[in-house]
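Student: Structure provided below as structure tokens; questions to follow.
Residue numbers (my numbering): 1 to 401.
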């Protein structure tokens with residue numbers, strides 16, 4: 001069994017290389033543990049369930065410039081036309097597209113404004129009785145809108161009086177009772193809850209309450225609006241390529257823009273997060289490789305400096321396994337000190353990220369996992385050069401310089 005003290009003294013004689021490697025291990029541990037935690041968080045965020053059959057839905061935006069038609073009446077005609085197209089399951093007008101990063105939100109309260117009461121920030125969509133089927137949403141309780149409850153108007157004084165909300169929102173506003181049949185308020189507008197949706201995300205997946213969503217049966221498009229169309233997934237590409245022509249056939253004094261699938265809207269919204277995740281993966285890979293190469297290079301350098309010393313030990317009867325163990329223990333000592341410093345640095349970096357970027361506290365499991373990974377990697381990196389050192393011939397010790 002090799003003693004630690006002689007190895008420590010040997011390191012002190014060439015401390016610059018050891019200190020640089022120690023620092024490199026500490027930095028790698030601190031950055032990799034935090035980056036791995038952020039990557040895991042991004043993966044969970046990017047892969048979250050939205051409640052929609054994203055590959056079956058597409059949306060587009062319509063802007064009218066002709067003054068010879070009523071916008072809300074034209075949009076009703078458009079809905080009927082869209083539902084009659086081959087391959088279309090259903091279609092609906094909607095004020096904003098889910099998962100797109102653009103929409104409307106306000107506090108939904110159990111009391112009318114300005115009375116105080118329990119409230120929750122809610123994303124809401126103005127739409128009609130075809131929205132549930134078009135968006136592929138499933139009711140947890142209650143019913144869909146009746147056609148008579150859908151307000152289609154160009155009069156801003158008219159208001160809807162019913163709503164369908166997500167179960168997550170219902171549980172927040174009415175934690176101890178069934179929400180169906182209860183009344184909630186959007187400002188001073190009373191809305192009776194007629195149904196609850198099992199799961200649906202709003203426009204912003206980064207929102208503090210992405211699952212708090214309300215559908216309101218109200219259509220007042222003015223000169224622009226959005227349509228959502230649900231199709232068979234295999235026919236969506238064909239329909240998106242022809243939808244502009246179909247809409248212009250129905251009425252040509254308008255512009256059709258932003259024709260894209262719901263999954264494409266989601267990918268566009270998440271593009272920065274996806275890029276960040278990929279960059280962090282590249283960063284982790286580079287750091288680990290550079291650290292491994294640093295350990296490999298330092299070990300080779302130490303072997304080249306100690307060639308005669310190793311040969312002498314071999315001539316005095318040292319086994320190859322003893323030589324290998326020497327370098328493994330030497331590396332383990334450097335790595336252990338670096339890991340201790342790295343774990344402390346990881347905690348400090350995690351607190352800094354939490355304060356300035358609202359990231360959750362770094363779990364100690366990520367630090368421990370990173371430390372184990374770096375330690376194992378360092379042993380693997382040093383094993384090759386250590387075997388080379390063990391193969392040095394004892395005759396080296398008898399040569400003169």
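Where is the CB? At the ideal position from N, CA and C, for every residue including glycine.
Note that the coordinates shown come from a computational prediction; the quantities given were computed from them, not determined experimentally.
1. When the Cα of residue 153 is compared with those of 74, 107, 238 and 347, which residue comes out closest?
2. Please state whether DSSP places residue 401 in a helix, a strand or coil.
3. Here's a check: name, in chain order, each residue in its chain whose Cβ is nearer than 6 angstroms to the Cβ of residue 81, leaving out the five neighbours to either side.
4. Contact check, residue 310 vs residue 18 under 8 angstroms by CB: the rounded distance?
5. Output needed for residue 1: all residues of its chain with C-beta closer than 8 angstroms, excluding positions within five of it in sequence on either side, in chain order.
6. Give the straight-line distance between the Cα atoms of residue 275 and residue 158, rounded to the nearest whole angstrom.
7. Spatial neighbours of residue 378 within its chain, please: C-beta separation below 6 angstroms, excluding the five flanking residues on both sides.
8. How should residue 16 be labelled, buried or exposed, when 16 other C-beta atoms within 10 angstroms of its C-beta is the threshold for buried?
9. Please classify residue 54 as buried or exposed, where buried requires at least 16 other C-beta atoms within 10 Å of its C-beta.
10. Count the other CB atoms within 10 Å of the CB of residue 79; is the residue buried (16 or more) or exposed (fewer)?
11. Among 342, 127, 72 and 34, which residue has its Cα nearest to the Cα of residue 218?
12. What does the Cβ neighbour count give for residue 400, buried or exposed, with the cut at 16 atoms within 10 Å?
13. When the Cα atoms are used, what is the spatial distance from residue 134 to residue 238?
14. Looking at the strands, I want to know which residues DSSP matches up with residue 225.
15. On a CA-only basis, which of 215, 285 and 327 is nearest residue 105? Give me that one, please.
16. Are the beta-carbon atoms belonging to residue 236 and residue 65 less than 8 angstroms from one another?
17. Measure the C-alpha to C-alpha separation of residue 258 and residue 267 and round it to an integer number of angstroms.
18. CA-CA distance, residue 284 and residue 224?
19. Nearest CA to the CA of residue 230: which residue from 253, 260 and 205?
20. What does residue 154 pair with, by DSSP beta-bridge criteria?
21. Residues in the same chain with beta-carbon distance under 8 angstroms from residue 193, minus the five sequence neighbours each way, listed in chain order, please.
22. Would you mind listing the alpha helix (DSSP H) stretches within the segment 97 to 175 that are 4+ residues and don't spill past its ends, in chain order?
23. Am I right that residue 34 and residue 350 are in contact with their C-beta atoms under 8 angstroms? What's the rounded C-beta distance?
24. Check for me: the beta strand (DSSP E) holding residue 192 runs from which residue to which?
25. Who does residue 213 pair with in a DSSP beta bridge?
26. Since residue 288 sits in a beta bridge, which residues does DSSP pair it with?
27. Quick one: what does DSSP say residue 256 is sitting in, helix, strand or coil?
28. With a 10 Å radius around its C-beta and 16 neighbouring C-beta atoms as the bar for buried, classify residue 201 as buried or exposed.
Tutor: The relevant details are as follows:
1. 74
2. Low local confidence applies: a pLDDT of 47 at residue 401 is under 50, so the model's placement there is unreliable, with the coordinate-based value given in what follows. Residue 401: coil per DSSP, three-state reduction.
3. 250
4. Incorrect: roughly 18 angstroms between the Cβ atoms, too far for contact.
5. A caution first: residue 1 carries a pLDDT of 47, below 50, which makes its placement in the model unreliable, though a value can still be read off. There are no such residues.
6. 45 angstroms
7. 295, 331 and 335
8. exposed
9. buried
10. buried
11. 127
12. Residue placement at residue 400 is poorly supported in this model, since its pLDDT is 47, which falls under 50; the coordinates still yield a value, given next. Exposed, since its Cβ has fewer than 16 Cβ neighbours within 10 Å.
13. 18 angstroms
14. 62
15. 215
16. no
17. 14 angstroms
18. 47 angstroms
19. 260
20. Looking at the DSSP assignment, residue 154 forms no beta bridge with any residue, so it has no partner.
21. 142, 162, 163, 164, 165, 170, 179, 180, 181, 182, 183 and 184
22. 131 to 135 and 167 to 173
23. 6 angstroms
24. 189 to 197
25. 123
26. Partner(s): none; residue 288 has no beta bridge.
27. strand
28. buried
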